[in-house]
Structure formats: C-alpha cells, structure tokens
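> Can you read through this structure? Questions will come right after.
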Amino acid sequence: MTRILENFIDGRFVSGSALEHRDVRNPANGALLAQMPLSTAAGVEEALAAARRAQPAWEALPAIQRAGYLRRIAGLIRDNAGPLAETITREQGKVLALAQVEVAFTADYMDYMAEWARRIEGEVIPSDRVGESIFLMRRAIGVTAGILPWNFPFFLIARKMAPALVTGNTIVVKPSEETPINAFDFARLVQQAELPAGVFNLVGGDGATAGASLAASRQVNLVSFTGSVATGKRIMAAAAPNLTRVNLELGGKAPAIVTANADLDLAAKAICDSRVINTGQVCNCAERVYVARAVATEFTEKVAARMAEVRYGDPIADPSVHMGPLVNRQGLDKVAGMVERARAEGAEVLMGGSVAPTEQGFHYLPTVLFDCRHDMEVMRAEIFGPVLPIQVVDGLDEAIALSNDSDYGLTSSIFSRDLAEVMQACNGLKFGETYVNREHFEAMQGFHAGRRHSGIGGADGKHGLLEYTETQVVYMQHG
Numbered sequence: 001m002t003r004i005l006e007n008f009i010d011g012r013f014v015s016g017s018a019l020e021h022r023d024v025r026n027p028a029n030g031a032l033l034a035q036m037p038l039s040t041a042a043g044v045e046e047a048l049a050a051a052r053r054a055q056p057a058w059e060a061l062p063a064i065q066r067a068g069y070l071r072r073i074a075g076l077i078r079d080n081a082g083p084l085a086e087t088i089t090r091e092q093g094k095v096l097a098l099a100q101v102e103v104a105f106t107a108d109y110m111d112y113m114a115e116w117a118r119r120i121e122g123e124v125i126p127s128d129r130v131g132e133s134i135f136l137m138r139r140a141i142g143v144t145a146g147i148l149p150w151n152f153p154f155f156l157i158a159r160k161m162a163p164a165l166v167t168g169n170t171i172v173v174k175p176s177e178e179t180p181i182n183a184f185d186f187a188r189l190v191q192q193a194e195l196p197a198g199v200f201n202l203v204g205g206d207g208a209t210a211g212a213s214l215a216a217s218r219q220v221n222l223v224s225f226t227g228s229v230a231t232g233k234r235i236m237a238a239a240a241p242n243l244t245r246v247n248l249e250l251g252g253k254a255p256a257i258v259t260a261n262a263d264l265d266l267a268a269k270a271i272c273d274s275r276v277i278n279t280g281q282v283c284n285c286a287e288r289v290y291v292a293r294a295v296a297t298e299f300t301e302k303v304a305a306r307m308a309e310v311r312y313g314d315p316i317a318d319p320s321v322h323m324g325p326l327v328n329r330q331g332l333d334k335v336a337g338m339v340e341r342a343r344a345e346g347a348e349v350l351m352g353g354s355v356a357p358t359e360q361g362f363h364y365l366p367t368v369l370f371d372c373r374h375d376m377e378v379m380r381a382e383i384f385g386p387v388l389p390i391q392v393v394d395g396l397d398e399a400i401a402l403s404n405d406s407d408y409g410l411t412s413s414i415f416s417r418d419l420a421e422v423m424q425a426c427n428g429l430k431f432g433e434t435y436v437n438r439e440h441f442e443a444m445q446g447f448h449a450g451r452r453h454s455g456i457g458g459a460d461g462k463h464g465l466l467e468y469t470e471t472q473v474v475y476m477q478h479g
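Residue 295 in the UniProt record's numbering sits at position 295 of the sequence shown, and the numbers go up by one each step.
The structure is reproduced here in structure tokens:
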C-alpha cells in the first residue's frame, strides 16, 4: 500500500492542510514510494501560526535546555540510521554508503550546534559617557522558514533547523517535492523527542505554492533556502515586500586549478570524486578544470582512467555501485543537452557522453570533455551531473582569471606542491571557499558561503549560527 505523507504542524501529523498529493518515485527504477501533500497557502499559514505561537516560550527556555532537545533528536537519528539511509537512497538515488554518511553527519551536526548553547555571546562596548554601560545582545529572530533542496535532503534539515532552534527561533520546513519522505521520517523523530509543539513544523508542497507562501508570509522573519539561482531570486522577490531577511545558498560552478607542480594522482582522484559523488549533484564540487599545458595530457589520461572505473546503477539493487541515477528526467535531459552542445562546439568527448544504456532510471555515463573553451556552456553553467569539462591553460594567472570570470562564487580549489602558487591562488580566487590539495567538502565548524550569484549569507560554524540572530543594543545609564 502506498504511503500517504501528512504535514507535521503544532506537534502532530495532520491531513487537512492539503487537498492534493504528488507521487514520489525512485529515480533508479520509477517505483512509487509515497504520496506527498501539496499544501495550500492556508496550510502553510497554519504551520506558521503554530510556529509563531510557540516561539516566545521556546526563546524563554535557557539555551542549554533547547540544546538538550537537539541532542535527543541526534540520538534518535543514530538509533534509526539504517532505515533513514535506505529511504534517502530510494527517493534520491545516491549510493547507500553516501546516504549513511549523510545520516551520521546530520546527527553530528545536531550535536555540534547544541554545543553552542553556552557560547552565544554578546558584547560590552565602551561608552563615551560617565556612568553608562553599553551592551550588545544576540536575540532570536523569531519564526524562520527552511526551504530544502533534494541533493542532500536529510542533512539540510539539520543545517537549517539546528542553528534556528538553539538560538531560540521556531521553524517551518518545506522539503523538496522530489525527496520529501526522509523529512517526514525526521518529523516522527521530532515527535518522539517530545519537542514542544509548534517549534518544528513540516509542510509538503511545490515551490510555486508552498515555497512562495513561506517566502511571502508576514509571519516569517527569516527565510533560508538552498537551491537554484533562479528559484533563489524568486524567493528574494517574494520576501522583499515585507523586508524579510533571506539566507540563500545557491548554485556553484567550482573551478579546480591543476598546476604543473601538482600531485597529479591526488588531483585526478579528488576531482573525479567530485563528479561521481552524488552523481555530480553537489553545488560545491569541482565543475570545471583548468590544467597547465605541461601536464595536461598526463592529467587527462589519469582522469579518464579513473572515470572509466566508475560503475553505475540502482544502488539498492546493487550496493556496490559507485554512482546512482540523476534525480529526475529534467536533470537527465539537462546534462545530456549540455554535453551535446559542447560536442557540437568542438569539445572532445574522451569517454561517456551519452545517456546510460539502462532499461530504467535516469542514468548518465561518467563523462570527460577535453579541449573545452571558457566561452562554452559547460565551462560557465552549472552541469549538476557526472560530467567533467577540462580546459588547458598556459599559466596560473590565466587560470585564476578564468576561474573568477563567472557568475558563481561558491567554492574553488587548487592542486600544487608549490607554496607560492598556492598562496597566489588563495589570494586571487574570489570565492567563498578555497580547497588546497583536497576534495571539495566543507566542515561543520567552517562557514559555507558564496559570492555573486552563489548566494547571500552562509551556514555552519559560529558565523552560520549568527545568521539566525539579531542584535539588541542596551544603553544603561547607572550613575
């Protein structure tokens, strides 16, 4: 029997906040997994009203007590890690090992944010007046909205919920319509943890109705979104009439620079892994390569050899595969179209370059494109698939200039054993993150933030936590 998902509002699962449902299917084989509620604007407002009612009492709790609920949820995640990971794999398509990492990382992230309960500090500011003290305090924003992507659907719940809750806010979460089941499973754990009603709410729905309603509501004080640039702009526009704060993690087109002094085996492995992990559907992984002419042939041969070893397929039917399907038909068609246009523009397809010959699912072959040019679409637009475009450059200055010539500014990387080259790149690259001689994967204690069209604000660490606070300055005349 098909599972019917229900919104989680004010501490309970409710069925009356949506009139229609949407099928959720396994991208590897098309199997029907569940039906998600398509919440109406009224259903979204019901969830926001619950969050608004709960917020004052939640903020009044000592932060260490709020943190206790996060730790309790983290424990329940670990207790249910196996089923949660399998659900993520079935509805999103990533390999089971990566889904297991996502679940474990989510629990760790909840614990990490809970640790900030005793560290949310204000400031004492010197006054120009005799007998006066000036205090800057950090306060909760109020009601937050978290609109999630489908590529890391489970972790992104924690990334938006944990800092919001530990700082005294309440939240309404809308998962992607592609991957909602894991979020509803998360809500069951929230219920088991006995989190006070209304502190965490979950509504299913599409972006046009549920997402737009969250962004446009006067009840929302901060909307946090992870997803495409186009959708981020629409959310920003919807929030603008109310001057609602936005936190946007949008697309990326991460450059990887490989110099003549690089460890080519290390570079080939790290960069290939970027295109294979989650089937290339990761906003911060390497999406374009600029390699020094002196090592271009050797590096490209190493890349092609590694990509040739990648096995793909249904990760539930065969847990040993390295790569699952793309998330939907739209994603598959986009990747296929970009590769075909690159081929027509003169790129050399060293391997792959077509839809995989499988009977079911949205599978695309691991692909390497060589002799690309900077003006090609594959070097400028986000691919979000297992495709690696490579361009040969004549020096580090050129590589840095081409890297920065982009609408995106999320992550970047350089591979070199020359410290001077590394420092030149770190100082010259205009990106929120730069990885040196390693894979693209951020730390929870860092700050994941993009420039240009890659977003506004950021997540993780102290600076990500402070995104969910606002300041109050008190001028106290006491003498």
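Glycine included, every Cβ here is placed at the ideal spot set by N, Cα and C.
This structure is a prediction, so every number in the text was calculated from the model and none was measured.
Kindly indicate which three-state DSSP category residue 242 falls into: helix, strand or coil?
Taking the sequence shown and counting its residues from 1, one reaches residue 242 at position 242. Correct three-state label for residue 242: helix.
> Using only CA atoms, which one of 429, 307, 277 lies nearest to residue 93?
The sequence position of residue 93 within the sequence shown is 93, counting from 1. Out of 429, 307, 277, 277 has the C-alpha closest to the C-alpha of residue 93.
> Report the rounded CA-to-CA distance for residue 396 versus residue 421, giving the unit in angstroms.
To locate residue 396, count along the sequence shown from 1; it is residue 396. To locate residue 421, count along the sequence shown from 1; it is residue 421. Roughly 8 angstroms between the two C-alpha positions.
> Would you report the Cα separation of residue 296 and residue 259, rounded to the nearest angstrom?
Within the sequence shown, numbered from 1, the residue matching residue 296 stands at position 296. Within the sequence shown, numbered from 1, the residue matching residue 259 stands at position 259. Straight-line Cα distance between these residues: approximately 9 angstroms.
> Which one of 419, 283, 390 has the shortest CA to CA distance from residue 351?
Position 351 of the sequence shown, counted from the start, is the residue given in the question as residue 351. Residue 390 is the option with its Cα nearest to residue 351.
> In whole angstroms, what is the alpha-carbon distance linking residue 43 and residue 225?
Locating residue 43 in the sequence shown gives position 43, where the first residue counts as 1. Locating residue 225 in the sequence shown gives position 225, where the first residue counts as 1. Their Cα atoms are separated by approximately 20 angstroms.
> Three or more beta-carbon pairs under 8 angstroms between the segment 66 to 78 and the segment 112 to 130, yes or no?
Yes, they touch.
> Look at the alpha carbon of residue 47 and the alpha carbon of residue 75, and state the distance between them as a whole number of angstroms.
Taking the first residue of the sequence shown as 1, we reach residue 47 at position 47. Taking the first residue of the sequence shown as 1, we reach residue 75 at position 75. For residue 47 and residue 75, the distance between alpha carbons rounds to 26 angstroms.
> Compute the Euclidean distance between the alpha carbons of residue 2 and residue 316, then round it to the nearest angstrom.
If you number the sequence shown from 1, residue 2 lands on position 2. If you number the sequence shown from 1, residue 316 lands on position 316. C-alpha separation (whole angstroms): 19 angstroms.
> Whose C-beta lies closer than 6 angstroms to the C-beta of residue 245 among residues of the same chain, with five residues either side of it excluded?
By 1-based counting over the sequence shown, the position of residue 245 is 245. The answer, listed in chain order, is 222.
> Is residue 431 near residue 417, with beta carbons less than 8 angstroms apart?
Taking the sequence shown and counting its residues from 1, one reaches residue 431 at position 431. Taking the sequence shown and counting its residues from 1, one reaches residue 417 at position 417. Not a contact, by the Cβ cut-off of 8 angstroms.
> Here's the rule: buried if 16 or more other CB atoms are within 10 angstroms of the residue's CB, otherwise exposed. What is residue 480?
Summary: the structure shown does not reach residue 480, with the chain confined to residues 1 through 479, and so no result is reported for it.
> Pairs of beta-carbons, one from the segment 335 to 348 and one from the segment 301 to 321, closer than 8 angstroms: are there three or more?
No, because fewer than three Cβ pairs between the segment 335 to 348 and the segment 301 to 321 fall closer than 8 angstroms, the two stretches do not touch.
> If you measure between the beta carbons of residue 286 and residue 413, is that distance less than 8 angstroms?
The residue labelled residue 286 in the question sits at position 286 within the sequence shown. The residue labelled residue 413 in the question sits at position 413 within the sequence shown. Closer than 8 angstroms, so yes.
> Between the alpha carbons of residue 143 and residue 7, how many angstroms are there, rounded?
As a first step, residue 143 must be located in the sequence shown, where it is residue number 143. As a first step, residue 7 must be located in the sequence shown, where it is residue number 7. The alpha-carbon atoms of residue 143 and residue 7 are separated by roughly 18 angstroms.
> Can you say whether residue 474 is buried or exposed, counting buried as having 16 or more other CB atoms within 10 angstroms of its CB?
In the sequence shown, counting from the first residue as 1, residue 474 sits at position 474. Residue 474 is exposed by the Cβ-count criterion.
> Just to confirm, is the Cβ distance from residue 472 to residue 132 under 8 angstroms?
The sequence position of residue 472 within the sequence shown is 472, counting from 1. The sequence position of residue 132 within the sequence shown is 132, counting from 1. No, the Cβ-Cβ distance between residue 472 and residue 132 is not below 8 angstroms.
> Would you report the Cα separation of residue 250 and residue 479, rounded to the nearest angstrom?
Here the question's residue 250 lines up with position 250 in the sequence shown. Here the question's residue 479 lines up with position 479 in the sequence shown. About 50 angstroms.
> Could you give the uninterrupted runs of the alpha helix (DSSP H) lying entirely in the segment 218 to 291, keeping only those of 4 residues or more?
With a minimum length of 4 residues, the continuous alpha helix (DSSP H) runs that stay inside the segment 218 to 291 are 229 to 239, 264 to 276.
> Assuming the contact rule is C-beta atoms closer than 8 angstroms, residue 364 and residue 252 should be a hit. Round their C-beta distance to whole Å, please.
For this step, residue 364 is matched to residue 364 along the sequence shown. For this step, residue 252 is matched to residue 252 along the sequence shown. In fact, because the Cβ distance is near 19 angstroms, the residues do not count as touching under 8 angstroms.
> Would you call the segment 316 to 325 and the segment 357 to 376 touching, i.e. three or more CB-CB distances under 8 angstroms?
Yes, since at least three Cβ pairs between the segment 316 to 325 and the segment 357 to 376 fall closer than 8 angstroms, the two stretches touch.
> Any chance the segment 192 to 204 sits against the segment 160 to 178, with 3 or more Cβ pairs inside 8 angstroms?
Flag = yes, the segment 192 to 204 and the segment 160 to 178 touch.
> Applying the criterion that 16 or more other CB atoms from any shown protein chain within 10 Å of the CB defines a buried residue, is residue 91 buried or exposed?
The sequence position of residue 91 within the sequence shown is 91, counting from 1. By the neighbour-count rule (16 or more Cβ atoms within 10 Å), residue 91 is buried.
> In its own chain, which residues sit with a C-beta less than 8 angstroms from the C-beta of residue 96, not counting the 5 before and 5 after it?
Locating residue 96 in the sequence shown gives position 96, where the first residue counts as 1. Counting only Cβ-Cβ distances below 8 angstroms, and skipping sequence neighbours, we find 85, 86, 89, 315, 316, 319.
> Taking only the alpha-carbon atoms, compute the straight-line gap between residue 181 and residue 283 and give it to the nearest angstrom.
Within the sequence shown, residue 181 is the residue found at index 181, counting from 1. Within the sequence shown, residue 283 is the residue found at index 283, counting from 1. The alpha-carbon atoms of residue 181 and residue 283 are separated by roughly 22 angstroms.
> Using the rule of at least 16 other Cβ atoms within 10 Å of the residue's Cβ for burial, across every protein chain shown, is residue 130 buried or exposed?
If you number the sequence shown from 1, residue 130 lands on position 130. Classification of residue 130: exposed, given that the 10 Å Cβ count is below 16.
> Using DSSP bridges, identify the partner residues of residue 138.
What you label residue 138 is simply residue 138 of the sequence shown in a count that begins at 1. 471, per the DSSP bridge assignment.
> Can you give the Cα-Cα distance for residue 331 and residue 356, rounded to whole angstroms?
If you number the sequence shown from 1, residue 331 lands on position 331. If you number the sequence shown from 1, residue 356 lands on position 356. Taking the straight line joining both Cα atoms gives about 14 angstroms.
> What did DSSP end up calling residue 206 once you bin it into helix, strand or coil?
Along the sequence shown, one-based indexing puts residue 206 at 206. It is coil, neither helix nor strand.
> Starting from residue 35, follow the beta strand (DSSP E) in both directions and report where the run begins and ends.
One-based indexing of the sequence shown puts residue 35 at position 35. Element bounds for residue 35: 32 to 39.
> Short of 7 angstroms in beta carbon distance, which residues of its chain neighbour residue 140, apart from the five on each side in sequence? Order them along the chain.
In the sequence shown, residue 140 corresponds to position 140, counting from 1. Once the five neighbours on either side are set aside, the close Cβ partners of residue 140 are 59, 167, 168, 169, 469.
> With distances taken from CA atoms, which of 313, 163, 411, 438 is nearest residue 459?
Here the question's residue 459 lines up with position 459 in the sequence shown. Among 313, 163, 411, 438, the Cα nearest to that of residue 459 belongs to 163.
> Given this structure, state the Cα-to-Cα distance separating residue 404 from residue 369, to the nearest angstrom.
Position 404 of the sequence shown, counted from the start, is the residue given in the question as residue 404. Position 369 of the sequence shown, counted from the start, is the residue given in the question as residue 369. About 21 angstroms.
> Hey, residue 49 and residue 196: beta-carbon distance below 8 angstroms or not?
In the sequence shown, residue 49 corresponds to position 49, counting from 1. In the sequence shown, residue 196 corresponds to position 196, counting from 1. For residue 49 and residue 196, no; Cβs fall outside 8 angstroms.
> Give the DSSP-derived three-state secondary structure of residue 366 in the structure shown.
Here residue 366 refers to the residue found at position 366 of the sequence shown. The answer is coil: DSSP assigns residue 366 none of H, G, I, E or B.
> So what's residue 460 in DSSP terms, helix, strand or just coil?
As a working mapping, residue 460 is identified with position 460 in the sequence shown. DSSP places residue 460 in coil when its eight states are reduced to three.
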